[in-house]
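A.B. asks: Numbering (full-length UniProt numbering), first residue to last: 1 to 1067.
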Amino acid sequence: MAVNSVSARLRISPTLEINELVSKARADGKHVIHLGFGEATFPVQQDVLQAHRDASNETSYMPVAGIEALRDSIASFNSDRLGVKISPDQVVIAPGSKPLLFALFDILDGAVLLPRPSWVSYEPQVLHAGKKLFWIETDPVDRHSITESSLLSAYRKAISEGCIPRIMLINSPSNPTGHVFSANCVRTIKEFCKSKEISLITDEIYSDICFDETQIGISAFDSNTDDSETVILTGGLSKTYSAGGWRVGYAIFPPSQKGETIRKTILAYASECWSAASAPAQLASAKAFSTGEGQAFVINEKYSIDIYIINNPQSGKESEFFADCTRDPLCSNPVCDPSLSVRERAAALVKVLNVEEKLDTLVDKTPGVPRLGIWPYRWWSEALHGLAYAPGNYFEDSGNFSSATSFPMPIVMAASFNDDLVFAIGETVSIEARAYANVGLNGLDFYTPKINLFRDPRWGRGSETPGEDPLLAKNYVASLIHSMEDQSSGYKRIIATCKHYAGNDLESVGNVSRYGFNAVISTQDLSEYFLPPFRTCTAQKQVSSVMCSYNAVNGVPACADSYLLQDILRDHWRWEAPDHYITTDCGVIGYMVTDHHYASDLGESAALALKAGSDLECNGGPNSWLLSAWNRSLITEREVDRAAQRLYGALVTVGLFDNPPSLQSLSWDAVNSPSAQQLAYQSAVGGTVLIKNDGALQLSSNQSYALIGPWVAATEQLQGIYYGPAPFLISPLPAAKDLGINYTYVAGTGINETDPSTYDAAIAAARSADVVIFLGGIDSSFEKETQDRESLEWPTPQMELITALAENAEQLVVVRYGGGQLDDSELLTNENESGLLWGGYPGQSGGQAIMDLLFGKASPAGRLPVTQYAAWYADVVPPTDMSLRPGKGNSYLGRTYMWYDGEPTAPFGFGLHYTTFDVTIDRTPRWMDHRPIHNGTRVSIQSVKGSADWMELLELPVLQIPVTVTNTGPVTSDYVVLLFLKSDAGPSPRPLKTLAAYTRIKDIQPGQLVTRDLIVNLDSLVRVDQNGDRVLYPGKFDLFVDLDATATFTFKLHGAPLTVERFPQSK
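1. What is the rounded straight-line gap between the Cα of S600 and the Cα of L564?
2. Label V32 either buried or exposed according to how many other C-beta atoms from any shown protein chain fall within 10 Å of its C-beta, with 16 as the threshold for buried.
3. Thinking C-beta only, is P176 closer than 9 Å to residue 1069?
4. For the stretch 219-238 against the stretch 81-91, do three or more pairs of beta-carbon atoms, one drawn from each stretch, fall closer than 8 Å, so that the two count as touching?
5. Where does I107 fall in DSSP's three states?
6. Check whether the Cβ atoms of V477 and P449 lie closer than 9 Å to each other.
7. Going by DSSP, what residue range makes up the beta strand (DSSP E) through C193?
8. Between the stretch 507-519 and the stretch 389-403, do at least 3 Cβ pairs fall closer than 8 Å?
9. Kindly identify the DSSP beta-bridge partner or partners of K692.
10. Just tell me which of D208, N171 and D227 has its CA closest to the CA of I195.
11. Could you name the residues of the same chain whose beta carbon sits closer than 8 Å to that of L151, not counting the 5 residues immediately before and after it, in chain order?
12. From T536 to Y550, what does the alpha carbon distance come to, in whole angstroms?
13. Taking C273 as part of the alpha helix (DSSP H), name the residues at either end of that continuous run.
14. Can you tell which of W375, L372 and Y722 has the C-alpha that lies nearest to the C-alpha of M409?
15. Which class does F1051 belong to by DSSP, given the choice of helix, strand or coil?
16. Are residue 1087 and L1018 closer than 9 Å when you measure CB to CB?
17. Should D1029 go down as buried or exposed, given a rule of 16 or more other Cβ atoms within 10 Å for buried?
18. Counting only the same chain and skipping the five closest in sequence on each side, list residues whose C-beta sits under 7 Å from that of V965.
19. Inspect the beta-carbon positions of R461 and E716 and report whether they are closer than 9 Å.
20. For a test of the three-state rule: what should DSSP assign to I721, helix, strand or coil?
21. I'd like to confirm the pairing. Which residues does DSSP put opposite P165 in its beta bridges?
22. For L1039, which beta-bridge partners are listed by DSSP?
23. Please list, in chain order, all residues of the same chain as A560 whose beta carbon is under 7 Å from its beta carbon, the five residues on each side excluded.
24. Specify, as a first and last residue, the run of the beta strand (DSSP E) that S199 falls within.
25. In terms of alpha-carbon separation, which member of D456, I481 and Q664 lies closest to V439?
26. Below 9 Å between beta carbons: does that hold for F782 and G820?
27. So who's on the other strand from residue 1069, going by DSSP bridges?
28. Please name the residue or residues paired with P932 in a DSSP beta bridge.
29. What does the Cβ neighbour count give for E903, buried or exposed, with the cut at 16 atoms within 10 Å?
30. Does the beta-carbon of K365 have 16 or more other beta-carbons within 10 angstroms, so that it is buried, or is it exposed?
31. Tell me the rounded alpha-carbon separation between I431 and T361.
32. Straight-line CA distance for S315 to V48?
33. Taking T361 as part of the alpha helix (DSSP H), name the residues at either end of that continuous run.
34. Drop a sphere of 10 angstroms on the beta-carbon of G687, count the other beta-carbons inside from all chains shown, and report buried for 16 or more, exposed for fewer.
35. Can you tell me whether L729 is helix, strand or coil according to DSSP?
36. If we ignore side chains and look at the alpha-carbon of each, how far apart do A606 and D615 end up?
See below:
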């Protein structure tokens, strides 16, 4: 007799089959360590055994739901365990939890989400119930935890295949991994299921057997009566009470209307399938669950076995991912021969891998090749302004390797206009990163720096960038890559990744999100504005890695755009080396299906990305969609080999196969060193900008102060976003105490909510103090990844309080924090507000830096790296319009200081000092061959001589401008020299001005005169035409220092235009 096709695929459960084999072997006298079956071996309590014996004569059918005594004891047992009220009427008993799980899969509607790996019986149960199964991929590196991104990836895969997930099952502690989901993880899962209307089944059969008693009681189940959330808990007798053979399981349903419907349906289902669980087993189980003994077993260390270590035999953290070139078979492969080239070493390794191993190399959660001694590796560590929390970053709970130096965010670094400072920060971060890598706590590659320009003032991630100017961003990334990828040891210290390529500067606006946004960018704007930082990063500095972005550019998703990845990046910029690879942003493969609708399914999406030039799939794991693409012949082995060789080539350059002693010696003492602490403080001081000073600053320690505002006691807020645990966080409050000033602290308001309990006290404190210092602004609740701002205005509760303080205080000084600028016009025009500083996100010593600046222990010299627009700008310029030049899309206003012709609240480059400076160009500037060039001189374009290579020609120093700065005031201070250019050369419209060069002169003493040569490269003189070509046109060039043009110089170019770069055109 034939069976149906689904049933024909069923096999004996592997765990039961193994159990029977073990039993047979033991019967034959063999000694077997049984790891194949989830059976507890603790002794059953004697009173429970006696209860089973006493009930052996009970032969009647029991109620379908189970006997009341057992349901009552299970409800009480779990109420105590979980701290929620559970009624016996919510409980259903079955002959083991297996039938209940199958029944739930059978009666509930929709597709099923299931973590991988999972217990072996879940999958066949789902399939036999006729449901579609979609795997939630987990990561062996973090013991298979579930993340929001992995949930979304599985959900979107289901949607892309025409299925709607309505069921999800989790098992914690997990079989087979042993992982116990954290409270945060459980919360993430519950919120996800609630948002997607998914019924969550939480199988807690192992919940009372933990290695740590603090993990007992972490559960997704609660007493929610709201139908918007459905969580069903299953458990049983087999593990907690070592009585698997008695076959008693249970399910607890939520007390909601939906939960009651499911419970009644299960009872009807049970009445037709198993009728009731065994009577003697139920009566004994009632005794077991009601005794209060044995309810939670905390495993003694001597009985525990770490299966993860058995599967991944490694000798300590030092070898957690460094390949083992000391043993066969790897040691005989040329990849272990440091005398060979990077290309030869990588190719030799890839040659001995099978296709599945190669494909598993192309995902961020690569399992490695254990048979060769190549261990799992996680391509996803973060170090934007210090080591940060990320899938590839780990920190100890305390002691060594529990923290790392937390520098100011990049927007603050940029405000210092100090390339040497940026270099030093990159050097320090990479040294600390390598020290962590040496003990296996992060990888060797880092998704940093972020070099998209801060084009729109509402962008939630603008604080991660070096501002709105291309030259500033180019110098920033050049300094970082030079220091982070230092090769003085013969190996790169770390792998840096320039992101997000390209046109990525929007998170979420209305119903438009970054995942599906199509950035329509003209070729002119692309070449002139959006790409130069990436050209510096790749063509000039030859960074190891580039990350392509979520968005599309002109209709093609960036990670599938061969024009961006191949024609421009690899061909035109000649960024093609055996260690250069492109990683997708995380989850891109799914978004190209679900949001861009560019591919029909995930296999096709993965193939399109690989063929276009992407090498690494971020948020991918073993058996990724690349395998699907391979099985359907959508990709070739040559394409797979090319990507795998690039990735292994990059790992060769950082010593994965050699673990060089010079880098291996970096350890905990290299983290947060005294010099690193001083650098963090200096960078916070250097990037702070003084925007207004009506004589109030510097403050005197002899006065009384009221410290008011939501940032006075800020700690983690100082770090902004993309941060990790800092060794310490100095908020303004303890910094004020350290200064020894007389102060009163009252919060007065929250970031965006009025605090009635302290508002009146703040006003009273203001009236009684000589000076009020208000510290406020915005934080990551306003701006962060996935969240753009809608408004440029100050949060209303803060502005209302500031206005009241100004009316009641004798003197008011405001310190504004946050990455994006707010409209300060009310403060700048308010005569009762005497001083204003912007501190951004200043890092671990931010509070000390700002207090030292306020009280004159340090001098402000930072400059705004962005334009501060009036609040109305956000009402008339949509963030989705990518154009820079004034046009219909941006209400004919233009963007950035180069094209915005309106009156900014505070312009790009603005910044005051505590002293005064006289700036002149007294000495004669020199043209490229060092010949003198006088004011008004005409110079022939044909005199520009240099390399025939267009990239080298663009970087050619053509003009040397000696600028003399004299400190004419009473305070020692730095001074940032900004050299702007305005020209009538080339077609209109022309930029209002551009930054041609800059430098920061440090510690100029009162009366001291300092001269610095500012070097103008040819790239600053060319214009970009509509084709994206860079052309040197004849015309007049006016150079001037600072916003007030205190010193000027003019020269003219004549002759035929010279096309320096011919930009590739999209096919």
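Glycine included, C-beta positions come from ideal geometry on N, C-alpha and C.
C.D. replies: Quick answer:
1. In the sequence shown, counting from the first residue as 1, residue 600 sits at position 600. In the sequence shown, counting from the first residue as 1, residue 564 sits at position 564. So the two alpha carbons sit approximately 22 Å from each other.
2. In the sequence shown, residue 32 corresponds to position 32, counting from 1. Per the 10 Å Cβ criterion, exposed.
3. Nothing about residue 1069 can be read from this structure; the chain reaches only from 1 to 1067.
4. Yes: the two stretches touch, three or more of their Cβ pairs being nearer than 8 Å.
5. The count along the sequence shown starts at 1 and reaches residue 107 at position 107. Residue state, collapsed to three classes: helix.
6. As a first step, residue 477 must be located in the sequence shown, where it is residue number 477. As a first step, residue 449 must be located in the sequence shown, where it is residue number 449. Taking 9 Å as the Cβ cut-off, V477 and P449 qualify as a contacting pair.
7. The residue you call residue 193 lines up with position 193 of the sequence shown. For C193, there is no enclosing beta strand (DSSP E); the enclosing alpha helix (DSSP H) covers residues A183 to S195.
8. The answer is no - the stretch 389-403 does not touch the stretch 507-519, with fewer than three Cβ pairs under 8 Å.
9. The residue you call residue 692 lines up with position 692 of the sequence shown. Paired residue(s): L836.
10. Taking the first residue of the sequence shown as 1, we reach residue 195 at position 195. The question names Ile, but residue 195 in the sequence shown is Ser. Ranking the options by Cα distance to S195, first place goes to D227.
11. For this step, residue 151 is matched to residue 151 along the sequence shown. Listed in chain order, the non-local C-beta contacts of L151 below 8 Å within the same chain comprise L113, I136, T188, I189 and F192, local neighbours out to five positions each way being set aside.
12. Counted from its first residue, the sequence shown places residue 536 at position 536. Counted from its first residue, the sequence shown places residue 550 at position 550. Each residue's alpha carbon lies about 22 Å from the other.
13. One-based indexing of the sequence shown puts residue 273 at position 273. Here the alpha helix (DSSP H) through C273 covers Q257 to C273.
14. Numbered from 1 along the sequence shown, position 409 holds the residue referred to as residue 409. If we check each option's Cα against that of M409, Y722 comes out closest.
15. The residue you call residue 1051 lines up with position 1051 of the sequence shown. Look at F1051 here: in three-state DSSP terms it is strand.
16. Limits of the chain in this structure are 1 at one end and 1067 at the other, which puts residue 1087 out of reach.
17. The residue labelled residue 1029 in the question sits at position 1029 within the sequence shown. Burial check for D1029: the Cβ neighbour count within 10 Å reaches 16 or more, so the residue is buried.
18. The sequence position of residue 965 within the sequence shown is 965, counting from 1. Listed in chain order, the non-local C-beta contacts of V965 below 7 Å within the same chain comprise F917, V919, Y975, V977, I1001, I1004 and V1010, local neighbours out to five positions each way being set aside.
19. The sequence position of residue 461 within the sequence shown is 461, counting from 1. The sequence position of residue 716 within the sequence shown is 716, counting from 1. No, the Cβ-Cβ distance between R461 and E716 is not below 9 Å.
20. For this step, residue 721 is matched to residue 721 along the sequence shown. In the structure shown, I721 sits in coil (DSSP, three-state: anything other than H, G, I, E or B).
21. By 1-based counting over the sequence shown, the position of residue 165 is 165. Bridge partners of P165: A111.
22. Position 1039 of the sequence shown holds residue 1039. As a beta-bridge residue in DSSP terms, L1039 pairs with L981 and F1049.
23. Locating residue 560 in the sequence shown gives position 560, where the first residue counts as 1. Here the set comprises M592, Y598, L608, A609 and A612.
24. Translated into the one-based positions of the sequence shown, residue 199 becomes position 199. It spans S199 to D203 - the beta strand (DSSP E) in which S199 sits, taken as one unbroken run.
25. Start at 1 with the first residue of the sequence shown, and residue 439 comes out as number 439. For the residues D456, I481 and Q664, the minimum Cα distance to V439 belongs to Q664.
26. Position 782 of the sequence shown, counting from 1, holds the residue named residue 782. Position 820 of the sequence shown, counting from 1, holds the residue named residue 820. Cβ distance < 9 Å, so F782 and G820 count as in contact.
27. Because residue 1069 is not part of the residues shown, which for the chain are 1 to 1067, the question remains open.
28. As a position in the sequence shown, residue 932 is number 932, starting the count at 1. DSSP output for P932 lists R926 as bridge partner(s).
29. Locating residue 903 in the sequence shown gives position 903, where the first residue counts as 1. Counting C-beta atoms within 10 angstroms of its own C-beta, E903 has fewer than 16 neighbours from the protein chains shown and is therefore classed as exposed.
30. To locate residue 365, count along the sequence shown from 1; it is residue 365. Result: buried.
31. To locate residue 431, count along the sequence shown from 1; it is residue 431. To locate residue 361, count along the sequence shown from 1; it is residue 361. C-alpha of I431 to C-alpha of T361: approximately 26 Å in a straight line.
32. In the sequence shown, counting from the first residue as 1, residue 315 sits at position 315. In the sequence shown, counting from the first residue as 1, residue 48 sits at position 48. Low confidence applies to S315: its pLDDT is 39, below 50, so where it sits in the model is not reliable, and the reading given next is rough at best. Put simply, the backbone Cα of S315 is about 45 Å away from that of V48.
33. Taking the first residue of the sequence shown as 1, we reach residue 361 at position 361. Residues V355 to T361.
34. Numbered from 1 along the sequence shown, position 687 holds the residue referred to as residue 687. By the neighbour-count rule (16 or more Cβ atoms within 10 Å), G687 is buried.
35. Taking the sequence shown and counting its residues from 1, one reaches residue 729 at position 729. Under the three-state reduction of DSSP, L729 is assigned to coil, being neither helix nor strand.
36. For this step, residue 606 is matched to residue 606 along the sequence shown. For this step, residue 615 is matched to residue 615 along the sequence shown. If you take the alpha carbons of A606 and D615, they lie about 10 Å apart.
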